[in-house]
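Participant:
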Amino acid sequence: MAVEKDKGSIIYKIIIVLLVVVLIGAIAIPKRMWDQENRNQKACRQRMSSLLAAEMLFLQHNDAYTDSLDGLIHFFQDSLGKYLLEFVKMDTFLNVRLINYFEKDTFVNAVIDTIKADTTLKDLRRSIEIQSHLAHSILRALSRKDSSMAVKIAEVMPGIVEPHEAAIAAFDSVTNNFADVDIYKYLLEDDSLTILVRTYTPDLTMVNYLPKIKLRQEYAQKVDSLYSEFLNELYKCPTVDKMYHIAVEGSVITYANIRCPLDSRDSMAVVKDWYRSTIGGQKIENHGKIVRGEKSWEKLY
98 MAVEKDKGSI IYKIIIVLLV VVLIGAIAIP KRMWDQENRN QKACRQRMSS
148 LLAAEMLFLQ HNDAYTDSLD GLIHFFQDSL GKYLLEFVKM DTFLNVRLIN
198 YFEKDTFVNA VIDTIKADTT LKDLRRSIEI QSHLAHSILR ALSRKDSSMA
248 VKIAEVMPGI VEPHEAAIAA FDSVTNNFAD VDIYKYLLED DSLTILVRTY
298 TPDLTMVNYL PKIKLRQEYA QKVDSLYSEF LNELYKCPTV DKMYHIAVEG
348 SVITYANIRC PLDSRDSMAV VKDWYRSTIG GQKIENHGKI VRGEKSWEKL
398 Y
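Residue numbers 98 to 398, in my numbering, belong to the letters of the sequence shown in order.
#1: Under a Cβ-count criterion, where at least 16 other Cβ atoms within 10 Å of its own Cβ denotes burial, should Phe172 be classed as buried or exposed?
#2: Where DSSP assigns a beta bridge to Glu391, which residues make up the other side?
#3: Determine the closest residue to Pro260 out of Gly168, Ser361, Leu236, Thr216, with distance taken between C-alpha atoms.
#4: Kindly provide the ranges of any alpha helix (DSSP H) runs that are 4 or more residues long and lie completely inside the region 300 to 373, ordered along the chain.
#5: With a threshold of 8 Å between beta carbons, is Asp210 in contact with chain B?
#6: Which word fits Glu152, buried or exposed, when buried means at least 16 other C-beta atoms lie within 10 angstroms of its C-beta?
#7: Straight-line CA distance for Ala99 to Ser106?
#8: Below 8 Å on the Cβ atoms is my guess for Tyr332 versus Pro358; work out the distance and round it to an integer in Å.
#9: Take every Cβ of the region 161 to 177, pair it with every Cβ of the region 291 to 307, and state whether three or more of those distances are shorter than 8 Å.
#10: Only counting the same chain, and skipping five residues up and downstream in sequence, which positions put a Cβ closer than 8 Å to that of Ser393?
#11: Would Asn354 and Ala366 qualify as a contact pair, given that the criterion is a beta-carbon distance under 8 Å?
#12: Identify which residue in Leu166, Leu182, Asp370, Arg222 has its Cα closest to the Cα of Pro308.
#13: Take the Cβ of Asp188 as the centre, count every other Cβ of all protein chains shown within 10 Å, and call the residue buried at 16 or more, exposed below.
#14: Using the beta-carbon count (16 or more within 10 Å), is Gln379 buried or exposed?
#15: If you pair each beta-carbon of the region 189 to 205 with each one of the region 263 to 272, do three or more pairs fall below 8 Å?
#16: Give me, in chain order, the residues of the same chain whose beta-carbon lies closer than 8 Å to that of Gly390; leave out the 5 immediate sequence neighbours on both sides.
#17: Do you know whose CA, among Glu134, Cys141, Gln133, Asp132, lies nearest Lys339's CA?
#18: How would you label Lys219, buried or exposed, when you count the other beta carbons within 10 angstroms and need 16 or more for buried?
#19: How would you label Lys139, buried or exposed, when you count the other beta carbons within 10 angstroms and need 16 or more for buried?
#20: Please report how far the alpha carbon of Glu395 lies from the alpha carbon of Glu134, in whole angstroms.
#21: So, are the CB atoms of Tyr281 and Ala214 less than 8 Å apart?
#22: Which residue's Cα is closest to the Cα of Arg241: Asp269, Asp202, Asp288?
#23: Compute the Euclidean distance between the alpha carbons of Asp321 and Arg136, then round it to the nearest angstrom.
#24: Just to confirm my understanding: we take Lys319, look at its own chain, exclude 5 residues before and 5 after, and list those with CB closer than 6 Å. What are they?
#25: Please work out which residues of its chain come closer than 6 Å, Cβ to Cβ, to Gln174, disregarding the five sequence neighbours upstream and downstream, and give them in chain order.
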């Protein structure tokens with residue numbers, strides 16, 4: 098009897114384990130499928146937005162839109178670096194991709210910090226010419242932060258009678274003898290100037306950084322590789338792996354209309370797929386279109 102009870106107990110435990118596995122699968126599988134489709138939908142809409150940016154850039158250089166997806170993408174691929182900066186400036190998603198890729202790269206971050214600091218200090222330099230109190234506030238902050246800068250400032254200030262002119266000369270002396278990134282960092286760290294300096298810090302994009310980044314051959318190759326990969330992705334919707342539809346509309350005023358290729362046949366294929374429809378509970382539908390510059394998904398909100 099004890100042996101039979103043990104066997105029954107083991108079978109009971111196995112059944113419980115199997116039920117737990119089924120329950121976990123019933124929750125996890127649909128979630129994974131829906132999460133993937135949500136990512137695909139987002140990527141698809143981003144690609145259509147990027148295609149619109151590509152069409153607008155194509156129009157600028159050819160005086161007409163094109164209804165050839167292959168011709169549009171080849172236009173940029175055949176002259177890979179020629180229109181890169183224009184494309185980055187035109188398309189938010191390409192700009193974001195480059196930023197995300199190089200986010201933790203030491204060299205790229207150094208380039209970004211240098212350009213940001215240089216641009217900010219140039220703007221501050223123009224402002225202190227008419228704001229003596231700003232000049233003196235900056236010099237006091239730098240003197241507190243760095244003893245070497247304090248010495249350099251003290252060397253210049255007594256040499257000119259007019260206090261405002263002396264402050265400007267001292268600021269120039271500091272910027273000529275110390276790294277912009279260090280000066281910028283010290284000013285940001287000063288509680289009395291942090292907010293002010295941030296208002297002077299420009300909202301720069303990869304357009305501002307790429308020329309210097311690409312001066313290094315290995316980084317030029319990385320950028321070109323990312324750009325080429327980005328262009329290749331613009332061909333197809335990630336859910337159905339079918340090419341986007343482009344149609345040029347109008348005669349006097351023309352538009353490039355872009356549509357997701359996912360159609361009712363693709364939706365029905367999912368319905369007929371037992372695993373995706375029954376186990377995964379998945380449904381797919383067209384991701385939208387851009388007609389006359391208006392994005393259909395933005396009208397939903």
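Here a beta-carbon is modelled for each residue, glycine too, at the ideal position from N, C-alpha and C. Source: prediction; values computed, not measured.
Facilitator: Checking against the coordinates, here is how it stands:
#1: buried
#2: Val388
#3: Leu236
#4: 303 to 310, 314 to 330, 361 to 369
#5: Although the question refers to chain B, the structure presented lacks it and comprises just one protein chain.
#6: buried
#7: In this prediction, Ala99 scores a pLDDT of 49, lower than 50, which makes its location untrustworthy; no coordinate-derived value is stated.
#8: About 10 Å separates the two Cβ atoms, so there is no contact after all.
#9: no
#10: Gly385, Lys386, Ile387
#11: no
#12: Leu182
#13: buried
#14: buried
#15: no
#16: Leu149, Tyr352
#17: Cys141
#18: exposed
#19: exposed
#20: 18 Å
#21: yes
#22: Asp288
#23: 25 Å
#24: none
#25: Leu328
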